[in-house]
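Heads up: the structure comes next, in structure tokens.
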Amino acid sequence: MQRLEIRSWITTGITLIGAGLVAVTPGLPPAAAHIPDIQLAAGDEQITLDLVRHGESTDDATGILGTLPPGSHLTDLGETQAADVAAAIQNEYPDGIAGIYDSQLVRTQETAAPLAQALGMDVQTLPGLNEIPAGILEGQPRDLLTEIGYFAPMAAWVLGNLFVAEPGTNFNGVVFDEQVDQAVQTIYNNTIADPNGPMTDVAYSSGGPIAIWALMNVKNPPIFLLLQQLLQTLGPPPNAGQAILQGSPTDGWTMVSWDGTPVPATPDLITGLFVDYRDLVTAPQIALWNIWQAIQGGNSADITAALQTGFSQVVAAVEAFPQSVIDTITGSMGDGAGSSTGDAVGDVVAALAS
Numbered sequence: 001m002q003r004l005e006i007r008s009w010i011t012t013g014i015t016l017i018g019a020g021l022v023a024v025t026p027g028l029p030p031a032a033a034h035i036p037d038i039q040l041a042a043g044d045e046q047i048t049l050d051l052v053r054h055g056e057s058t059d060d061a062t063g064i065l066g067t068l069p070p071g072s073h074l075t076d077l078g079e080t081q082a083a084d085v086a087a088a089i090q091n092e093y094p095d096g097i098a099g100i101y102d103s104q105l106v107r108t109q110e111t112a113a114p115l116a117q118a119l120g121m122d123v124q125t126l127p128g129l130n131e132i133p134a135g136i137l138e139g140q141p142r143d144l145l146t147e148i149g150y151f152a153p154m155a156a157w158v159l160g161n162l163f164v165a166e167p168g169t170n171f172n173g174v175v176f177d178e179q180v181d182q183a184v185q186t187i188y189n190n191t192i193a194d195p196n197g198p199m200t201d202v203a204y205s206s207g208g209p210i211a212i213w214a215l216m217n218v219k220n221p222p223i224f225l226l227l228q229q230l231l232q233t234l235g236p237p238p239n240a241g242q243a244i245l246q247g248s249p250t251d252g253w254t255m256v257s258w259d260g261t262p263v264p265a266t267p268d269l270i271t272g273l274f275v276d277y278r279d280l281v282t283a284p285q286i287a288l289w290n291i292w293q294a295i296q297g298g299n300s301a302d303i304t305a306a307l308q309t310g311f312s313q314v315v316a317a318v319e320a321f322p323q324s325v326i327d328t329i330t331g332s333m334g335d336g337a338g339s340s341t342g343d344a345v346g347d348v349v350a351a352l353a354s
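Here it is, written out as structure tokens:
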């Protein structure tokens, strides 16, 4: 894939994201960093979740869009990256790891193998960690048009339009989010089952699930940091890159670091308001999708449950929105977040101009 083509796509993507931060109208559904101590709200037990992208695969090296299992193997460089990140993870978590997880893709399994072997642990495979399917674009060269077709739906999900699906599939933002949520819930349940064991897990996945799920779910998504890295490395995160989160499925997730760069626990004003907006507009879409799925199933009890759950979720989101906005504004005052945002935006602009 030529750098000029990628830069053109990146510039277009940044423009779309910038516009989406101002206004997005949801559509209708069709027929290894140091981990600081983060103060989180009282509630469920908190865990650390280290999401690791696979090492370089042969598809990466040859510029082929391959998303379906079993997929391609690691290159020699990918195997070296897998060994290096395994060593880094062992150093980062001297108190041990509760579990190691990978997807159904061979490249994630081969990346997880060095850590599992070093620690003498088994690896649990979770389909929810699989790459986002490319649909009709599967197996195509990663040229400009392929990149736009594949990544545009993901950008829509991040901006709050969950009903957009990957081309030629029914795989939309709701399906994706729930798929990864199920995997994360399994990891969480396994971890807290032993309250005396380590509260840290390592999950090997692909760049799409890691970046997009994080942007859709964490309380402090590092939007400008990801844009800056996208310009520098042509893909967030890089092969064997890490996104470290802390939290729980109930209380939510806070990003600790992205590919070794610490992420402030309190988001800047722009990011915080975006998260408030995101949580407001996605609630009714999730409710509608689940109601529609229940209707298609034809079970009256499921339909009633979906209606009740959806109504409660939408009401809760609407009620929480005003206070969330107030908290975001007051929380961003005097904490230097505005300055860090300005620095990040400046870095993005400088990278574009280079």
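In case it helps, the numbering used here puts the sequence shown at residues 1 to 354.
By construction, the Cβ of each residue, glycine as well, lies at the ideal position given by its N, Cα and C atoms.
Q | Start-to-end residues for the beta strand (DSSP E) that takes in residue 53 | A | The residue given as residue 53 occupies position 53 in the sequence shown. According to the DSSP assignment, residue 53 belongs to the beta strand (DSSP E) that extends over 47–53.
- May I have the straight-line CA-CA distance separating residue 53 from residue 132, to the nearest angstrom? Mapped onto the sequence shown, residue 53 falls at position 53. Mapped onto the sequence shown, residue 132 falls at position 132. Computed Cα separation, rounded: 13 Å.
### Query
Taking the alpha carbon of residue 134 as the point to measure from, which residue in 149, 143, 122 has its own alpha carbon closest?
Here residue 134 is taken as the residue at index 134 of the sequence shown, counted from 1. Cα-wise, what sits closest to residue 134 is 149.
Helix, strand or coil at residue 127 according to DSSP, with G and I counted as helix = The residue given as residue 127 occupies position 127 in the sequence shown. Helix at residue 127.
query: Helix, strand or coil: which one does DSSP assign to residue 170?
result: Taking the first residue of the sequence shown as position 1, residue 170 is located at position 170. If DSSP states are grouped into helix, strand and coil, residue 170 belongs with coil.
| request: Would you identify the three-state DSSP class for residue 77, choosing helix, strand or coil? | output: Residue numbering aside, residue 77 sits at position 77 when the sequence shown is read from its first letter. Reduced to three states, the DSSP call for residue 77 is helix.
What residues match up with residue 165 in a beta bridge as DSSP calls it? Locating residue 165 in the sequence shown gives position 165, where the first residue counts as 1. Beta-bridge pairing by DSSP links residue 165 to 172.
**Prompt:** Going by the CB atoms, is the gap between residue 273 and residue 330 shorter than 8 Å?
**Reply:** In the sequence shown, the residue the question calls residue 330 occupies position 330. In the sequence shown, the residue the question calls residue 273 occupies position 273. Contact: no.
Taking all protein chains shown into account, decide if residue 108 is buried (16 or more other Cβ within 10 angstroms of its Cβ) or exposed. Numbered from its first residue, the sequence shown carries residue 108 at position 108. With 16 or more Cβ atoms within 10 Å of its Cβ, residue 108 is classed as buried.
Buried or exposed: residue 122, going by 16 or more other Cβ atoms within 10 Å of its Cβ? Stepping through the sequence shown from its first residue, residue 122 is reached at position 122. So residue 122 counts as exposed.
- Measure the C-alpha to C-alpha separation of residue 265 and residue 275 and round it to an integer number of angstroms. To locate residue 265, count along the sequence shown from 1; it is residue 265. To locate residue 275, count along the sequence shown from 1; it is residue 275. Those two C-alpha atoms are separated by around 13 Å.
**Prompt:** What does residue 248 pair with, by DSSP beta-bridge criteria?
**Reply:** For the purposes of this step, residue 248 is identified with residue 248 of the sequence shown, where counting begins at 1. In the DSSP output, where bridge partners are listed per residue, residue 248 has 252.
Limits of the alpha helix (DSSP H) - the one that residue 276 falls within:
Stepping through the sequence shown from its first residue, residue 276 is reached at position 276. Residue 276 -> alpha helix (DSSP H) spans 269–297.
Margin query: Rounding to the nearest angstrom, what Cα-Cα distance links residue 83 and residue 66 in this structure?
Written below: Here residue 83 corresponds to residue number 83 of the sequence shown, with the count starting at 1. Here residue 66 corresponds to residue number 66 of the sequence shown, with the count starting at 1. Take the alpha-carbon of residue 83 and the one of residue 66: they are about 23 Å apart.
Determine the burial state of residue 245: buried for a count of at least 16 other Cβ atoms within 10 Å of its Cβ, exposed for fewer.
-> Start at 1 with the first residue of the sequence shown, and residue 245 comes out as number 245. Counting the other Cβ atoms within 10 Å of the Cβ of residue 245 gives 16 or more, which makes it buried.
Tell me the DSSP secondary structure of residue 132 in three-state form. Here residue 132 is taken as the residue at index 132 of the sequence shown, counted from 1. In the three-state DSSP reduction, residue 132 falls in the coil class, being neither helix nor strand.
query: If you draw a straight line from the alpha carbon of residue 220 to that of residue 267, how long is it in whole angstroms?
result: In the sequence shown, residue 220 corresponds to position 220, counting from 1. In the sequence shown, residue 267 corresponds to position 267, counting from 1. Taking the Cα positions, residue 220 is about 5 Å away from residue 267.
Taking 8 Å as the threshold (C-beta atoms), are residue 90 and residue 113 in contact?
Along the sequence shown, read from residue 1 onward, the residue named residue 113 stands at position 113. Along the sequence shown, read from residue 1 onward, the residue named residue 90 stands at position 90. Taking 8 Å as the cut-off, the beta carbon of residue 113 is found no closer than this to the beta carbon of residue 90.
For this session: Decide if residue 318 is buried, meaning its Cβ has at least 16 other Cβ atoms within 10 Å, or exposed.
Result: Position 318 of the sequence shown, counted from the start, is the residue given in the question as residue 318. Flag for residue 318 reads exposed.
Please confirm whether residue 75 and residue 48 have their CB atoms less than 8 Å apart.
-> The residue given as residue 75 occupies position 75 in the sequence shown. The residue given as residue 48 occupies position 48 in the sequence shown. Pairing residue 75 with residue 48 gives a Cβ-Cβ distance that is not under 8 Å.
Bridge-paired residues (DSSP) for residue 141: Working through the sequence shown from its first residue, we reach residue 141 at position 141. Partner(s): 64.
Problem - Beta-carbon contacts of residue 285 that lie in its chain and below 7 Å, excluding the five residues immediately before and after - result: Against the sequence shown, residue 285 aligns to sequence position 285. Counting only residues of its own chain and dropping the five nearest sequence neighbours on each side, residue 285 has a CB closer than 7 Å to the CB of 26, 162, 163, 174.
Alpha carbon to alpha carbon, how far is residue 370 from residue 154? Summary: the structure shown does not reach residue 370, with the chain confined to residues 1 through 354, and so no result is reported for it.
#### Entry: Validate contact between the segment 84–103 and the segment 182–202 using beta carbons, cut 8 Å, 3 pairs
When C-beta atoms of the segment 84–103 are compared with those of the segment 182–202, three or more pairs fall below 8 Å, so the two segments count as touching.
- Query: Per DSSP, what kind of secondary structure is residue 203 in: helix, strand or coil?
  - Reply: Locating residue 203 in the sequence shown gives position 203, counting from the first residue. Here residue 203 sits in strand by DSSP.
Inset, instruction - Tell me whether the beta-carbon of residue 211 lies closer than 8 Å to the beta-carbon of residue 237. - result: As a working note, residue 211 is residue 211 in the sequence shown. As a working note, residue 237 is residue 237 in the sequence shown. Closer than 8 Å, so yes.
Considering residue 326, what are the terminal residues of the alpha helix (DSSP H) in which it resides? Against the sequence shown, residue 326 aligns to sequence position 326. Element bounds for residue 326: 300–332.
*Should residue 311 go down as buried or exposed, given a rule of 16 or more other Cβ atoms within 10 Å for buried?*
Along the sequence shown, read from residue 1 onward, the residue named residue 311 stands at position 311. That one is exposed.
- Query: Residue range of the beta strand (DSSP E) that residue 259 falls in?
  - Reply: By 1-based counting over the sequence shown, the position of residue 259 is 259. Residue 259 -> no beta strand (DSSP E), and no H or E assigned at all.
Check for me: the beta strand (DSSP E) holding residue 93 runs from which residue to which? To locate residue 93, count along the sequence shown from 1; it is residue 93. Taken as a continuous stretch (DSSP letters only), residue 93 belongs to no beta strand (DSSP E), as it is neither H nor E.
Requested in this report: For my contact list, residue 192 and residue 79 are in at a C-beta cut-off of 8 Å; report their separation, rounded to the angstrom.
Outcome: Numbered from its first residue, the sequence shown carries residue 192 at position 192. Numbered from its first residue, the sequence shown carries residue 79 at position 79. With 8 Å as the limit, residue 192 and residue 79 do not qualify as a contact, their Cβ atoms being about 33 Å apart.
_DSSP has residue 99 in a bridge; who is on the other side?_
If you number the sequence shown from 1, residue 99 lands on position 99. Partner(s): 201.
- prompt: Just how far apart, CA to CA, sit residue 200 and residue 242?
  reply: For this step, residue 200 is matched to residue 200 along the sequence shown. For this step, residue 242 is matched to residue 242 along the sequence shown. Looking at the two C-alpha atoms, the distance is approximately 14 Å.
Simplified DSSP assignment, three categories, for residue 117
Along the sequence shown, one-based indexing puts residue 117 at 117. In this structure, residue 117 counts as helix in the three-state DSSP scheme.
For this session: Taking 8 Å as the cut-off, decide whether the C-beta atoms of residue 129 and residue 183 are in contact.
Result: Numbered from its first residue, the sequence shown carries residue 129 at position 129. Numbered from its first residue, the sequence shown carries residue 183 at position 183. Contact check for residue 129 against residue 183 passes: the beta carbons are separated by less than 8 Å.
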